[in-house]
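Q:
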Amino acid sequence: MASLALCAATSHVGAIVKNPDAAPEQSGRLHQAWRSLDEEIARLELDAVVVIATDHYETFGLENYPAFCLGLAPEHEAWGEFGNPSGTVAGRPEVAARLLEGLTARGFDLARSHTMALDHSFMVPLVKLPSAAAAGVVPFFVNCNTPPLPGLGRCLELGRALRDSIRELPGDQRIGVIGTGGLSHWVGLPRFGDINEAFDHALLDLLVQGRLDEIARWDDAWIEQEAGNGALELRTWLITAAAAGGPARVLGYEPMAPWTVGIGVTAFDVVEGP
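In my numbering, the protein residues as written are 1 to 274.
Have a look at this one:
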């Protein structure tokens, strides 16, 4: 039986790699948090990492926009849009196919793609966490920006189903899950550049306390009003937290005005058993 060996979550804005030394004291603390997380990933010697992220109309457009999609390619090409990271990342199609089977059996009718390209929501975290990229990835797209969005409660259920599906994988594989997105930020709106630290800390505090059901009861309109349309990406964090089953450890948080985003870096305690 495989094991879920690591769960973590991080923000993914492109400025992390395009303007890495902005606000040096703040960015320095964040870069140290990513280094610490990468070292933890390296020590675990993972066989694959499920990266849960969204897409910004690079891979998916209105002609075909799923709620959830798993990437099953042996290699995933990066878009490299707007100067974001380019190149290719090794996939883990056998793991992805098994997870698709397991999630379908649990009532989640996911789309699948054998040619899924990756935008910065996947690539920036993989640049900051090279040990995750080296393990090979299963990209897991979640619609976080084109209504109707999958409900937060549904994302909570999906995380738990993902955990169970990972543990059903054959052999003694060690699998990681990394969610990417948020925290507070406004994209393409008059409040672009604003950051709501109070919202970010409230979210992180609930994750630390393991109070996921409270987050799942939040209303999307309220989230968007309080923390911007970019905060709707907390879906990826909620899926990851539900998969872990344990509380978060906040490795770093900074309200990064030069990057226009509240940046969080967390790891989660993984609970064994059901």
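Even for Gly, the Cβ is constructed at its ideal location relative to N, Cα and C. It should be emphasised that the depicted structure is a prediction, and the values quoted were computed from it without experimental measurement.
In angstroms with no decimal places, state the Cα-to-Cα distance between H12 and L149.
A: 20 Å
Q: Is it buried or exposed for S165, if we count other Cβ within 10 angstroms and need 16 for buried?
A: buried
Q: Please return the same chain residues whose Cβ sits closer than 7 Å to the Cβ of L206, not counting the five positions on each side in sequence.
A: E214, I215
Q: With a CB to CB cut of under 7 Å and the five nearest residues on each side skipped, what residues in its chain are close to L251?
A: A33, S36, L37, V265, T266, A267
Q: Does the segment 133-142 come into contact with the segment 89-107, if we say contact requires no fewer than three beta-carbon pairs (one atom in each stretch) closer than 8 Å?
A: Yes, the segment 133-142 is in contact with the segment 89-107.
Q: Only counting the same chain, and skipping five residues up and downstream in sequence, which positions put a Cβ closer than 8 Å to that of A78?
A: N84, P85, S86, G87, T88, V89, A117, L118, D119, F122, M123
Q: With respect to the alpha helix (DSSP H) encompassing S165, which residues constitute its N-terminal and C-terminal limits?
A: 152-167
Q: Using a threshold of 8 Å, state whether the C-beta atoms of T54 and E233 are closer than that.
A: yes
Q: Note down the Cα distance separating A231 from R43, rounded to an integer number of angstroms.
A: 31 Å
Q: For A243 versus L162, is the C-beta distance shorter than 8 Å?
A: yes
Q: Tell whether a beta-carbon distance below 8 Å holds between D172 and A2.
A: Cβ atoms of D172 and A2: closer than 8 Å.
Q: Out of curiosity, what's the CA-to-CA distance linking D194 and A22?
A: 16 Å
Q: My output table needs one value for N229: the three-state DSSP class, helix, strand or coil.
A: helix
Q: Around the Cβ of G176, are there at least 16 other Cβ atoms within 10 angstroms (buried) or fewer (exposed)?
A: buried
Q: Which of the three DSSP states is assigned to D109 in this structure?
A: Three-state DSSP puts D109 in coil, outside helix and strand.
Q: Hey, could you find the ends of the beta strand (DSSP E) R174 is sitting in?
A: 174-180
Q: On a Cα-Cα basis, can you pick out the residue from H201, S27, P20, G71 that is closest to A97?
A: G71
Q: Taking DSSP as the reference, what is the three-state secondary structure of V284?
A: Residue 284 falls outside the range modelled here, since the chain spans only 1 to 274, and no answer is possible.
Q: Take F192 as the anchor and find which of E224, R211, W218, F141 has the nearest alpha-carbon.
A: E224
Q: So, P170 versus V51, is the Cβ gap smaller than 8 Å?
A: no
Q: Do T146 and Y253 count as a contact pair if the criterion is CB distance below 8 Å?
A: In this structure, Y253 keeps its C-beta atom at 8 Å or more from the C-beta atom of T146.
Q: State the Cα-Cα distance for the pair G262 and T236, rounded to the nearest angstrom.
A: 15 Å
Q: Taking 8 Å as the threshold (C-beta atoms), are L203 and L183 in contact?
A: yes
Q: With burial defined as no fewer than 16 other Cβ atoms inside 10 Å of the residue's Cβ, what is the status of F141: buried or exposed?
A: buried
Q: On a CA-only basis, which of G14, L158, G80, G245 is nearest V208? Give me that one, please.
A: G245
Q: Looking at the structure shown, is R92 part of a helix, part of a strand, or coil, going by DSSP?
A: Looking at R92 - three-state DSSP - the assignment turns out to be coil, as it is neither helix nor strand.
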